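Asker: Structure in structure tokens, see below.
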Amino acid sequence: MVDKDIRQDGDANQSRHKQRQQKLKQQVDEKIDAAQQEKGLLLVITGNGKGKTTAGFGTVARAVGHGQQCGVAQFIKGTWDNGEKNLLEKLGVEFHVMATGFTWETQDKEADTRAALEVWEQCEAMLSNPSLDVVLLDELTYMVAYGYVELDRVTQALSRRPAEQSVIITGRAAHRTLIDMADTVSEVKNVKHAFESGIKARKGVDW
Ligand code: ATP
Ligand code: MG
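Written out as structure tokens, the structure reads:
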């Protein structure tokens, strides 16, 4: 192939690429124009892969960066040192963490239910507080799955929350009703995890 043919081939590719990009831009612009509704969002981040809580806190960090008010409830990680709490509490984010530190080993359903409900009551307060822009309910899905917090109580508080407030629910095995209620649902898929190769959970990465 001579230089001229290569140049013409290149020009044709460029032009096809430009056409595709223009079409794509037009489709995206149409969608942006069509998205007129403004409201607080309900996000559910579920699935078996790593990244759900991190994504929840990433969103809280994003909101804090815009000067918004945020609240966090954490079901499960009570006894753990918690990097996000260490940072975000200093920036004015309100935290409610399960006092007894629910773990997979606890067999005391009554104590776990009591601990879960104590935090849930704080969640209800956050979900009726119009000065909170973003509320993260980390690992709430388990509380519903185990019956520690009634699903109806959760759906009621979510549907009555201030119209501008966004809520992020994280945790595996999200209840179908929560998925149906949510505006955005992401499922984090496990491809592989270091723990499966015998590598310890790491400060700064895993908590
Ligand atoms: P992270 O807090 O890192 O975003 P996560 O919220 O998606 O993770 P959880 O199910 O809440 O995951 O589990 C929390 C802890 O378990 C973290 O230390 C995380 O690294 C670890 N973990 C998450 N997914 C897996 C997995 N598929 N296998 C083993 N350990 C996992
Ligand atoms: Mg998590």
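For the sequence shown, our numbering assigns the number 1327 to the initial residue and increments by one for each residue that follows. Each residue gets a CB set at the ideal place from its N, CA and C atoms; glycine is no exception. Bear in mind that the values here come from a model prediction, so they are computed numbers and not experimental data.
Could you give the distance in angstroms between the alpha-carbon of ASP1335 and the alpha-carbon of LYS1349?
Answerer: 21 Å
Asker: Along the chain, which unbroken stretches of the alpha helix (DSSP H) at least 4 residues long are found entirely within the region 1417-1502?
Answerer: 1435-1452, 1466-1471 and 1477-1485
Asker: Are the region 1509-1527 and the region 1483-1490 touching by the rule of at least three beta carbon pairs closer than 8 Å?
Answerer: no
Asker: Between the region 1463-1472 and the region 1342-1359, are three or more C-beta pairs nearer than 8 Å?
Answerer: no
Asker: Just list the residues that DSSP pairs GLN1536 with in beta bridges.
Answerer: Because the chain spans 1327 through 1533 in this model, residue 1536 falls outside it and cannot be assessed.
Asker: With a threshold of 16 other CB atoms inside 10 Å of the CB of ASN1374, please say whether the residue is buried or exposed.
Answerer: exposed
Asker: What residue range does the beta strand (DSSP E) around LEU1367 cover?
Answerer: No beta strand (DSSP E) holds LEU1367; DSSP gives it neither H nor E.
Asker: Compute the beta-carbon to beta-carbon distance between LEU1414 and VAL1445, rounded to the nearest angstrom, for a pair I have assumed lies under 8 Å.
Answerer: Actually they are not in contact, since the Cβ atoms of LEU1414 and VAL1445 sit about 17 Å apart, beyond 8 Å.
Asker: I want to check one thing, is the minimum distance from the CB of THR1510 to the heavy atoms of the ligand NAD below 8 Å?
Answerer: By its list of ligands, the structure shown excludes the ligand NAD, since it contains just the ligand ATP and the ligand MG.
Asker: Tell me, which residues are paired with GLU1513 by DSSP?
Answerer: According to DSSP, which records beta bridges pairwise, GLU1513 is partnered with THR1372.
Asker: Is VAL1531 helix, strand or coil by DSSP?
Answerer: It is coil, neither helix nor strand.
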